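Comments concern the structure below.
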DNA sequence: GTAATATGTTCACACATCCAACAAATCATC
DNA sequence: GATGATTTGTTGGATGTGTGAACATATTAC
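Residue numbers (our numbering), protein chains in the order written: chain R, 782 to 1175; chain A, 782 to 1175.
This is the structure:
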């Protein structure tokens, strides 16, 4: 039944979870800090940390730097052999990585593709890559599981990909197939939702409980929402599809109104075209944008920021976030003219909602999706360390 | 410190909370059902219910109806003397009510106004009404506190009304002033957000963890969101302001695109005008709408449903709710042509998001806001029955 | 009536956290 | 460089929670 936090056993599990969660979040915490943060007794923390160490989830190391009077407290770190495997199938490549707790990507392989693969082929290739990576791990390693960041609508409950247009997948049970192929617990979710989660835990949105993440990728605009400190998935887990929202700039002197989906109006292709670029490299695009003095380019950037501000207006009114995190080329066009977007948003949102919100760009860089995907696998482990680690070990 | 669910004391408090929460939600539960639902032991439930009864929060009554073999289990009900006071200041009246747990409005007074009052006057009048109502209560009554549903942007943290245009309030500390005037703990929130909460707990959204509530009132469109089974407030608590979203119908043969805020386009005034009505009575409006065969009225209803469908499209894409609840005149125009809205939304949202969502009208009727406001006061009591009830009693 | 069933009641028990006392390791001071 | 102050680790007993088995009780089924 649903006995959560009811009996003594559950208390212990919950406390284990809290401590492992703090270690995961901080990367390295002294036992005395854990005592302070959890409010638990010194002796209790010692026992719990001992149990986590016995499960090979954390290690205690001698305090290195000197930090004040009193007996030095041992530093608790994620166990280097406790990892998750992150998978990111894309149009042009499959990336698989090994990720430690605290979002540390230890190693990764990128398997380039001529053309997007079907689900079965993708699973076959991925399973091979996973096997290669597992061979590098010590036999005693604890593998929390596999998390997949998929560019499409993913039913989080069971990791069924309902629709991934750029992979041409429909109702593809990736999580189930991956689990069969590897024997590991598998989870899948939308890539942008996982980006939001990663930025929330380790990136620009640390300690922010209400944020919107918007990512501009080659194939469109994806997004994710963190509300009340938790990922907002919705019933199916499809939440965060900002790209398909209908937005229209209000009529202006030189900007006639035109309605369309956000990702049709705010679009990387239009920028590349005006810049005369063929490459899809995000770094190159940003450099070109920042250095261009072509008025047509500036005008297009302003137009796109204008449309984006409408989408943000609506999202901010509804969600009242503390932070908007922009990733991909949205971060780039924001960087071209930071003040413009601020002003546009300020002019449209309710004063009370606006005064709390900051707009920043994503900070996690290229590892973002692997970190987010790994989070999927770590989440159940952290929620109940003792139960999961028992079944997981290698 | 943040010791939540860590030690033994917290376990008991949490279990008390769960049981009181179930009683609040169900209205009347047998002890054996509580045992099943909580997963706790019979003896534990007996002890916990006994403690709640001693705090005068619940009463145990003899099982009336016969329900099967075995020894009958006592029925646990909310204590009739445990109440919250709900306040709803509006443009034309101040309503104050006494509400029991399980959303039972016991009594209410409506104080009509010539013109909207300022904050201080409102608090003075309200305090008087509260005093009158308290006089009707037995001396032993437990008053959880006062909850206020305010038509405006309310900072939930401290119950500061940032902006209530129709009351002409700016930065009005209602909760604080009411607390001073009555000596009771006071809370305030946006009216539509509380409507969403009430519909979630007791109305159309029972057992639905992800829903959107949209209310069409005389002064505009308000809304609220429940996500992950919790009210989505955002940082400040201003979330749910769907009314100010910019929406545009896509260009169509007979419907040229026009951008505007949702509440300007979908508007009760336009309907009243076409119907030739002056009254603002919701029941009368609905009857007129349903019986009118004026093509201009039908056209306007269709137009408003079209615009509403855009707003819903965007909201559904972002929030992937299980349910959309329509209150006020939005429920009325929906009732005129249920299929149209369904079709429009179906045509615009992603298939995966659409298949989970149902659109229904609100079910709680006129008591909605009082029930929602009372919830504000009950919430802390239910979260920690022992602590709050000790300090609250009269 | 008697058996079966489900639940209330009682009390010994298990066990997670707390607490107090002591030990250990660092810093500050003379 | 020794001493005291401070902080934290360690240990073993105290506290109080939920559990579970045995018994009592009230209803239904036959």
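Note that beta-carbon positions come from the ideal geometry of N, C-alpha and C, so glycine has one too. In this text, all values refer to a predicted model and were calculated from it rather than measured experimentally.
For the segment 1003–1020 of chain R, the beta-carbon criterion of a distance under 9 Å to any beta-carbon of chain A is satisfied by 1004, 1006, 1008, 1009, 1011, 1012, 1013, 1014, 1015, 1016, 1017, 1018, 1019, 1020. In the assembly as shown, residue 1072 of chain R is an exposed residue. Its beta-carbon has fewer than 16 other beta-carbons within 10 Å.
In this chain, the beta strand (DSSP E) harbouring residue 885 of chain A covers 885–893. Inclusion of residue 1098 of chain A and residue 1022 of chain R in the CB contact set at 8 Å is warranted, their separation being smaller than that value. The DSSP-derived three-state label of residue 900 of chain R is helix. For residue 865 of chain A, the uninterrupted beta strand (DSSP E) run begins and ends at 863–870, by DSSP.
Counting only unbroken stretches of 3 or more residues, no beta strand (DSSP E) element lies wholly within the segment 1062–1101 of chain R. Counting other Cβ atoms within 10 Å of its Cβ, residue 888 of chain R stays below 16 and is therefore classed as exposed. Judged by DSSP in its simplified three-state form, residue 963 of chain R adopts helix. Using beta-carbon distances, residue 977 of chain A does not count as an interface residue toward chain R, since no partner is under 8 Å. Collapsing the DSSP output to three states places residue 1022 of chain R in coil. Per DSSP, reduced to three states, the secondary structure at residue 995 of chain A is strand.
Rounded to whole angstroms, the gap between the alpha carbons of residue 1019 of chain A and residue 915 of chain R is 48 Å.
With its beta carbon less than 8 Å from one in chain R, residue 1102 of chain A belongs to the interface.
Counted as a single uninterrupted DSSP element, the stretch harbouring residue 1161 of chain R is not any beta strand (DSSP E) but the alpha helix (DSSP H) occupying residues 1149–1164.
The segment 1104–1117 of chain A and the segment 989–1000 of chain A touch, with three or more beta-carbon pairs separated by less than 8 Å.
DSSP places residue 1136 of chain A in the coil class of the three-state scheme, outside both helix and strand.
For residue 863 of chain R, the closest of R:857, R:837, R:844 by C-alpha to C-alpha distance is R:837. Each residue's CA atom was taken as its position, placing residue 824 of chain A and residue 1171 of chain A some 24 Å apart.
For the options R:1076, R:1090, R:1001, R:975, the alpha carbon positioned closest to that of residue 1055 of chain R is the one of R:1076. Across the structure, residue 933 of chain R and residue 961 of chain A are spaced so that their CA atoms are roughly 53 Å apart.
Taking the beta carbon of residue 1137 of chain R as reference, the chain A residues within 9 Å of it are 1015, 1016, 1017, 1019, listed in sequence order.
In this structure, the alpha-carbon of residue 901 of chain A lies about 42 Å from that of residue 820 of chain R. Of the candidates R:866, R:938, R:865, R:955, the residue whose Cα lies closest to the Cα of residue 898 of chain R is R:955. Interface annotation for the segment 824–856 of chain A against chain R: 825, criterion Cβ-Cβ distance under 9 Å. Here the C-alpha atom of residue 883 of chain A lies approximately 19 Å from the C-alpha atom of residue 972 of chain A. Shown in chain order are the members of the segment 790–812 of chain R whose Cβ falls below 9 Å from a Cβ of chain A: 791, 792, 795, 796, 799. Looking at A:871, A:877, A:1046, the one whose alpha-carbon comes closest to that of residue 1152 of chain A is A:877. Burial state of residue 822 of chain R is exposed, judged by a 10 Å Cβ sphere holding fewer than 16 other Cβ atoms. Residue environment analysis places residue 976 of chain R among the buried positions, since at least 16 neighbouring C-beta atoms fall within 10 angstroms of its C-beta.
Cα atoms of residue 918 of chain A and residue 880 of chain A: separation of roughly 12 Å, rounded to the nearest angstrom.
DSSP, reduced to helix, strand and coil, places residue 938 of chain A outside both helices and strands of the structure shown, so it counts as coil. Proximity of chain R to residue 931 of chain A at the Cβ level (cut-off 8 Å) is not reached, the minimal Cβ distance being about 13 Å.
Non-local beta-carbon contacts of residue 870 of chain A in its own chain, meaning distances under 6 Å to residues more than five positions away in sequence, involve 903 in chain order. Shown in chain order are the members of the segment 1080–1105 of chain R whose Cβ falls below 8 Å from a Cβ of chain A: 1091, 1094, 1095, 1096, 1098, 1099, 1100, 1101, 1102, 1103.
Looking from the CA of residue 1095 of chain A, the closest CA among A:1111, A:809, A:1130, A:1122 belongs to A:1130.
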